[in-house]
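In this note's numbering, the protein residues as written are 9 to 386. First the structure, in the form of structure tokens, and then the observations on it.
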Ligand code: SAH
């Protein structure tokens, strides 16, 4: 961790595998809250930097088709116009992975040279390995276009100016607390040891901790009839989303795309993904991607608390359709007839009503003085 308490992922902190280190930590200090377990696993996992793509563990939307990043680039152009076409603006990406979405977005922005000339890219990425990977990806576009790109550890490092913030599969990587209802109270769900293997267990009463009391009303509203064993997931917004009010006056637009539910619910969604398959979340700490579904109702409230006007989430399918994905795909296919099949399949995957097109939601937030954002009905 850095001095500010924000994550700074560096590989191989200490000897032994993460599993060995967690086992010895639990033996010495007792069970770890799920939130701490997630934090440890995620920082270990992304420090390696090899998660993405066919040869990695999972494939994200920008890695499926260049059209995804291009449409977001054009979305940014329209938002830049809504911001009053400033001669300089921040384009921030939270958790940029391999940098693919930013690369494709900047390429599409070339269509409007004044916008491209105004853009200042800021990448919020704790993993040193992924920062290097992003630099490599962006060198191909930004090198030739001389777009300034800087890396930072969080939104507080981004100078106050008109700002656009993008995050694809960023929120799902932020750790959650899990609480379990047991005999009349919510207990912190923890990871302990049973005969040497990691196992779920219950810790102290969650709401007794002063920092957790802000969740009391939410839990009472959500699960008035909770039964023993019910699990609820609670995700704090993190410093980056909580500090967006700094940009309210100059104008800020935020776009968060992730899988999750539009209404809060009861249930355990902790999942580990490795080599494109699901695994139990405790068997391979730090060797698989560990996430939970995003609760868009809570995320919405948290962005409102940061002083932003938040529009209802829409499905990824509806959002991409309204940005013209079908037309863009046909144009691309006509220009590259040998790739037409691949393009059609990729777009089908992004839009599938039984897959990503429906499971992924898009949430937009903006300074109250800005009009509705493109593709997002107010
Ligand atoms: N947006 C990319 C990658 C998604 S994976 C894509 O769609 O392909 C999650 C990304 O978030 C990784 O780059 C990971 O290193 C980063 N990340 C994880 N925790 C983070 C945190 N607390 N702050 C910022 N980035 C984080």
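Using N, Cα and C, we set each Cβ at its ideal position, and we do this for glycine too. Quick caveat, the model's predicted, so the values are computed rather than measured.
Query: With a threshold of 7 angstroms (Cβ to nearest heavy atom), would residue 272 be considered close to ligand 1?; Result: no
Query: Using a Cβ-Cβ cutoff of less than 7 angstroms, which residues in the same chain neighbour residue 68 once the five nearest sequence positions on both sides are dropped?; Result: 60, 105, 176, 177
Query: Is it the case that the CB of residue 178 approaches a heavy atom of ligand 1 more closely than 7 angstroms?; Result: yes
Query: Please name the residue, chosen from 163, 370, 271, 57, that lies closest to residue 252 on a Cα-to-Cα basis.; Result: 163
Query: Looking at residue 55 and residue 161, is the spacing between their C-beta atoms short of 8 angstroms?; Result: no
Query: Where DSSP assigns a beta bridge to residue 286, which residues make up the other side?; Result: 281
Query: Give a single yes or no on whether residue 105 has its beta carbon closer than 7 angstroms to a heavy atom of ligand 1.; Result: yes
Query: Going by DSSP in three states, residue 365 sits in which element: helix, strand or coil?; Result: helix
Query: Could you tell me the alpha carbon to alpha carbon distance between residue 280 and residue 287, rounded to whole angstroms?; Result: 5 angstroms
Query: For residue 11, collect the residues of the same chain with a Cβ closer than 8 angstroms to its Cβ; drop the 5 residues on either side in sequence, then sort them by chain order.; Result: In this prediction, residue 11 has a pLDDT of 32, which is less than 50 and means its spatial position is unreliable; what the coordinates show is noted afterwards. Hits under 8 angstroms: none found.
Query: Within the same chain, show all residues whose beta-carbon is closer than 7 angstroms to that of residue 120, passing over the 5 residues directly before and after it, in chain order.; Result: 85
Query: Leaving aside the five residues before and after residue 166 along the sequence, list all residues of the same chain whose C-beta is less than 7 angstroms from its C-beta, in chain order.; Result: 98, 100, 130, 160
Query: Quickly, what does DSSP pair residue 160 with across the bridge? List them, please.; Result: 132
Query: Taking buried to mean at least 16 other C-beta atoms within 10 Å of its own C-beta, is residue 181 buried or exposed?; Result: buried
Query: Please name the residue in 58, 256, 238 whose C-alpha comes closest to that of residue 273.; Result: 238
Query: Can you tell me the Cβ-Cβ gap for residue 372 and residue 215, rounded? I've got them flagged as a contact below 8 angstroms.; Result: Between residue 215 and residue 372 the Cβ distance is about 32 angstroms, and since that is not below 8 angstroms, they are no contact.
Query: If you scan the segment 96-145 from start to end, which runs of the alpha helix (DSSP H) of 4 or more residues do you find wholly inside it?; Result: 108-117, 121-126
Query: What do you get for residue 58, buried or exposed, if any count of 16 or more other CB atoms within 10 angstroms of its CB means buried?; Result: exposed
Query: How about residue 135: is its Cβ closer than 7 angstroms to a heavy atom in ligand 1?; Result: yes
Query: For residue 349, report the span of its alpha helix (DSSP H) as first-last.; Result: 348-359
Query: Going by beta-carbon coordinates alone, are residue 261 and residue 128 separated by less than 8 angstroms?; Result: no
Query: Rounded to whole angstroms, what's the CA-CA distance from residue 38 to residue 385? Just pull it up for me.; Result: 48 angstroms
Query: For ligand 1, is there any heavy atom lying closer than 7 angstroms to the beta carbon of residue 296?; Result: no
Query: Who pairs with residue 318 in a beta bridge, going by DSSP?; Result: 373
Query: Nearest-angstrom Cα distance between residue 63 and residue 109?; Result: 18 angstroms
Query: Which residue from 35, 45, 36, 186 puts its Cα closest to that of residue 296?; Result: 45
Query: In whole angstroms, what separates the C-alpha of residue 89 from that of residue 364?; Result: 29 angstroms
Query: Answer yes or no: the CB of residue 182 versus the heavy atoms of ligand 1, is any distance below 7 angstroms?; Result: yes
Query: Applying the 10 Å Cβ sphere with the 16-neighbour rule, what's the burial state of residue 168?; Result: exposed
Query: Is residue 190 helix, strand or coil when you go by DSSP?; Result: strand
Query: Give me, in chain order, the residues of the same chain whose beta-carbon lies closer than 6 angstroms to that of residue 174; leave out the 5 immediate sequence neighbours on both sides.; Result: 101, 263
Query: Whose CA, out of 200, 145, 326, 223, lies closest to the CA of residue 113?; Result: 145
Query: Whether or not the segment 324-343 and the segment 354-370 are in contact is what I'm after, with contact meaning three or more pairs of Cβ atoms, one per stretch, closer than 8 angstroms; do they touch?; Result: yes
Query: Please report the residue range of the alpha helix (DSSP H) in which residue 36 lies.; Result: 26-37
Query: Does the Cβ of residue 26 lie closer than 7 angstroms to at least one heavy atom of ligand 1?; Result: no
Query: Is it buried or exposed, residue 73, if we count other Cβ atoms within 10 angstroms and call 16 or more buried?; Result: buried
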